[in-house]
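To convert, note that position 107 of the sequence shown is 107 in UniProt numbering; the numbers rise steadily by one, no gaps. Glycine is no exception: its CB is placed at the ideal position from the N, C-alpha and C atoms. Structure, as structure tokens:
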Amino acid sequence: MRCFWSRGYARATMGVLSREMSVPRASLYAHFGDKNGLFLLAIDHYARSRSSKALAHLTGQGNAFAEITGFFEAAITLVSSDPETPGCLIACVLSEAATVDNRFQEVLAGKTHTLEQWLAHCLRASGGGLPEEDIRARAGVLAATVRGLAISARSGTPADKLRATARMATRLACGSAPRD
1 MRCFWSRGYA
11 RATMGVLSRE
21 MSVPRASLYA
31 HFGDKNGLFL
41 LAIDHYARSR
51 SSKALAHLTG
61 QGNAFAEITG
71 FFEAAITLVS
81 SDPETPGCLI
91 ACVLSEAATV
101 DNRFQEVLAG
111 KTHTLEQWLA
121 HCLRASGGGL
131 PEEDIRARAG
141 VLAATVRGLA
151 ISARSGTPAD
161 KLRATARMAT
171 RLACGSAPRD
């Protein structure tokens, strides 16, 4: 997973993967079929072990502002805490790889849809009385924001600047909210 995350899909060749995993190339092919199969497993592992920590903040218990703030804080920690793997494997690497294989495009669309659904559930549960169309649009804005934060982190944007962007997006999506 880290090899794809740090290098990107294209630069993580089977030779590089074999070396970094200390597994003979033939064994990689025998076990995973091809690089695409290995990449899909890495994406699944990343979603279960990393992305899920940020999504866990979106409980839909009624305080959308607090939940989305917690979600963004966890996401920013994920995308900016390790200088060897900045950004997000899904937002940065899977989106780049989506042009290589239709399965990647389908997985990316599914991950995007899932994120938007979690965010919409959180906004809906806060009881603001917004029309469903507005809830979905705000969830889309928040999902686009977190993807943008991941890309910004990959390009070296400091975490404090990412946090400022996340705070503004949260205020805009949740309506009138407390200021720092």
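Cα-Cα separation between residue 132 and residue 103, rounded to whole angstroms: 30 Å
Distance CB(residue 93)-CB(residue 8) smaller than 7 Å: yes
Residue 11 versus residue 169: straight-line alpha-carbon distance, rounded: For residue 11 and residue 169, the distance between alpha carbons rounds to 33 Å.
Residue of 116, 151, 38, 63 minimising C-alpha distance to residue 3: 38
Continuous alpha helix (DSSP H) assignments of at least 4 residues falling wholly in the stretch 15 to 92: Counting whole runs of 4 or more residues, the stretch 15 to 92 contains the alpha helix (DSSP H) stretches 25 to 32, 35 to 46, 52 to 55, 64 to 80.
Between the CA atoms of residue 50 and residue 17 - distance to the nearest angstrom: 21 Å
Short Cβ contact (7 Å threshold) for residue 139 with residue 116: yes
Buried or exposed by the 16-neighbour rule on C-beta atoms within 10 Å, applied to residue 15: exposed
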